[in-house]
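Peer 1: Numbering (my numbering), first residue to last: 171 to 674.
Would you mind keeping the following structure in view while I ask a few things?
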Ligand code: BG6
């Protein structure tokens, strides 16, 4: 690995280091980056949390997280010890009081002295939204935000609850930090397959010429989850599928599929092009909302032969909750490339399989020259961008079946990461953490993107909040969502193309 690709000396401070995110995602990602040689030699993690903990138990807990969640499985004693020497301290502090921040500043200064070098300051807020204001203000007071080139703050979703609160949050953050210092995480953008949408579209001459309304009939984006709300009922019951998944992950996938070619690979160029897409999404007329948006909530059902409870019976969820665990939208993008081409989006919990993919469905051939008997099985061309699992790309087209008569059958050309690269892809958090350390904001959400995405979903949320949903729960766990989702697409003479299951 060339040192050029590595970030410079870095002190990463995790606020909320005793919580789930550090244990489950951040430290396993750092550990894998460390093993792959991506972390700088002068690298230190400082954990800050309200809870009291000594350094040794802190390290032990993080090792447990690595053993469970690292893509490499159980940690190796020797490698762990080398890595653990970078977990330099755990500060128990009241995040609302200045003392903890002063101690942090001292610690950073001591590390810089020891290294004989200035360090990049990565300030990671692994905290609930309610804590962001306090911590940001204290960071400002402790002068930890002042160096625009060196200090970077990472903020996790949710970025607000609606357009107004997202604006407030952005205002609050930019009061202390410059926009260039703020890294808002949408972990979908760190997924290899999501980044590959750019490579696929713009590193190949083949597809871009047909990537528009003349050749594409419609686009479907599905993010299906098998899990329910797990231990996050209390958060989720105030969020719902539209806020939790569509406002961020699905609209980001849509932006990458629909954006214009960037002139360069610079962060702001790419983010500008994606923003253009969000801004071009046609507002949904409120009186016709039912033709464009569908919500659902799961009842009890079966997942892989196991009985699972209804959403309303999950811990932390109100027994009369009207929160949606499924949402489907039909959107149009008002520009030259996509005018009148529907983009269908759907996501839900407790669906039959875990699968995220985008399907691009092409128009039929303009004229069928084959005899009627030839195309009993005929299908329009489809391109399937498989985001997870079994990452890859499939292209479906027609071929002549072997035999004396002309009969057409759909066949597939298939690229899978597993076969092509024979390596496991990094976890999204590995990519994203490394990018923050290197100061590359391409895969992070800018304030205007977040606000544009909220502008799209907020009117839907308001309309849904104003009228109680009828018949919730309206889909059993283990099904593909409410019937109305089928009707949403059937009104256009189409049907959902069920995600393809991974190969046996
Ligand atoms: C998160 C949502 O952003 O994404 C969760 O809050 C969801 O509700 C998760 O389960 C899905 O991510 P992934 O990477 O498992 O598809």
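Beta carbons: idealized from backbone N, C-alpha and C, even for Gly.
Remember, it's a predicted structure, so these values are computed and weren't measured experimentally.
Compute every distance between the C-beta of residue 153 and the non-hydrogen atoms of ligand 1, then say whether any falls below 6 Å.
Peer 2: With the chain represented from 171 up to 674, any question about residue 153 goes unanswered, as that position is not in the structure.
Peer 1: Look at the alpha carbon of residue 301 and the alpha carbon of residue 506, and state the distance between them as a whole number of angstroms.
Peer 2: 43 Å
Peer 1: Provide the residue span of the alpha helix (DSSP H) that contains residue 355, from first to last.
Peer 2: Segment: none, residue 355 is in no alpha helix (DSSP H) and carries neither H nor E.
Peer 1: From the DSSP secondary-structure annotation, give me the bridge partner or partners of residue 529.
Peer 2: DSSP links residue 529 through a beta bridge to 390 and 554.
Peer 1: Hey, residue 578 and residue 548 are a contact pair by Cβ (cut 8 Å); roughly how many whole angstroms apart?
Peer 2: Confirmed, Cβ separation roughly 5 Å.
Peer 1: Output the distance between the C-alpha atoms of residue 344 and residue 668, rounded to the nearest integer angstrom.
Peer 2: 43 Å
Peer 1: Assuming the contact rule is C-beta atoms closer than 8 Å, residue 325 and residue 295 should be a hit. Round their C-beta distance to whole Å, please.
Peer 2: 5 Å
Peer 1: Flag this pair as yes or no: are the beta carbons of residue 397 and residue 484 separated by less than 7 Å?
Peer 2: no
Peer 1: Which stretch, first to last residue, makes up the alpha helix (DSSP H) that contains residue 632?
Peer 2: 617-636
Peer 1: When you compare the CB positions of residue 200 and residue 391, do they come within less than 7 Å of one another, or not?
Peer 2: Not in contact: residue 200 and residue 391 (Cβ atoms no closer than 7 Å).
Peer 1: Apart from the five residues on each side of it in sequence, which residues of its chain come closer than 6 Å, Cβ to Cβ, to residue 287?
Peer 2: 179
Peer 1: In the DSSP assignment, find the unbroken beta strand (DSSP E) run with residue 472 in it and report its ends.
Peer 2: For residue 472, the enclosing beta strand (DSSP E) starts and ends at 471-473.
Peer 1: Which class does residue 396 belong to by DSSP, given the choice of helix, strand or coil?
Peer 2: coil
Peer 1: Name the two residues that bound the continuous alpha helix (DSSP H) containing residue 655.
Peer 2: Residue 655 -> alpha helix (DSSP H) spans 653-660.
Peer 1: Start and end of the alpha helix (DSSP H) containing residue 422?
Peer 2: 421-428
Peer 1: Is the beta carbon of residue 451 closer than 7 Å to that of residue 626?
Peer 2: yes
Peer 1: Between residue 482 and chain B, is any beta-carbon pair separated by less than 7 Å?
Peer 2: Chain labels in this structure do not include chain B; a single protein chain is all it has.
Peer 1: Check each candidate in 181, 356, 650 and 558 and name the one with the smallest Cα separation from residue 275.
Peer 2: Considering only alpha carbons, the answer is 181.
Peer 1: State the Cα-Cα distance for the pair residue 494 and residue 653, rounded to the nearest angstrom.
Peer 2: 14 Å
Peer 1: At a cut of 8 Å, does the segment 403-415 reach the segment 340-357 through at least three beta carbon pairs?
Peer 2: In short, these stretches do not touch, since the Cβ pair count stays below three.
Peer 1: So, are the CB atoms of residue 422 and residue 359 less than 7 Å apart?
Peer 2: yes
Peer 1: Is DSSP giving residue 519 helix, strand or coil here?
Peer 2: In the three-state scheme derived from DSSP, where H, G and I count as helix and E and B as strand, residue 519 is classed as coil.
Peer 1: Is it the case that the Cβ atoms of residue 606 and residue 277 are separated by a distance below 7 Å?
Peer 2: no
Peer 1: What do you get for residue 419, buried or exposed, if any count of 16 or more other CB atoms within 10 angstroms of its CB means buried?
Peer 2: buried
Peer 1: Considering only residues of the same chain and omitting the five flanking positions on each side of residue 520, which have a CB-CB separation below 6 Å?
Peer 2: 398, 468 and 647
Peer 1: In the structure shown, what three-state DSSP assignment does residue 183 receive?
Peer 2: strand
Peer 1: Apply the 10 Å Cβ neighbour rule to residue 236 and answer buried if 16 or more other Cβ atoms are within range, or exposed otherwise.
Peer 2: buried
Peer 1: Span of the alpha helix (DSSP H) holding residue 607?
Peer 2: 598-608
Peer 1: In whole angstroms, what separates the C-alpha of residue 177 from that of residue 249?
Peer 2: Here the C-alpha atom of residue 177 lies approximately 20 Å from the C-alpha atom of residue 249.
Peer 1: Using 8 Å for Cβ pairs, my map puts residue 512 next to residue 388. What's the rounded Cβ distance?
Peer 2: 5 Å
Peer 1: Here's a check: name, in chain order, each residue in its chain whose Cβ is nearer than 8 Å to the Cβ of residue 364, leaving out the five neighbours to either side.
Peer 2: 358, 422, 423, 426 and 557
Peer 1: Could you check how far apart the C-beta atoms of residue 572 and residue 550 are, in whole angstroms? I think they sit under 8 Å.
Peer 2: Cβ atoms of residue 572 and residue 550 stay farther apart than 8 Å, at about 23 Å.
Peer 1: Does the segment 265-273 touch the segment 303-311, meaning 3 or more C-beta pairs lie closer than 8 Å?
Peer 2: yes
Peer 1: Where does residue 678 fall in DSSP's three states?
Peer 2: The question about residue 678 has no answer here: the residues shown for the chain are numbered 171 through 674.
Peer 1: By DSSP, does residue 477 sit in helix, in strand, or in coil?
Peer 2: strand
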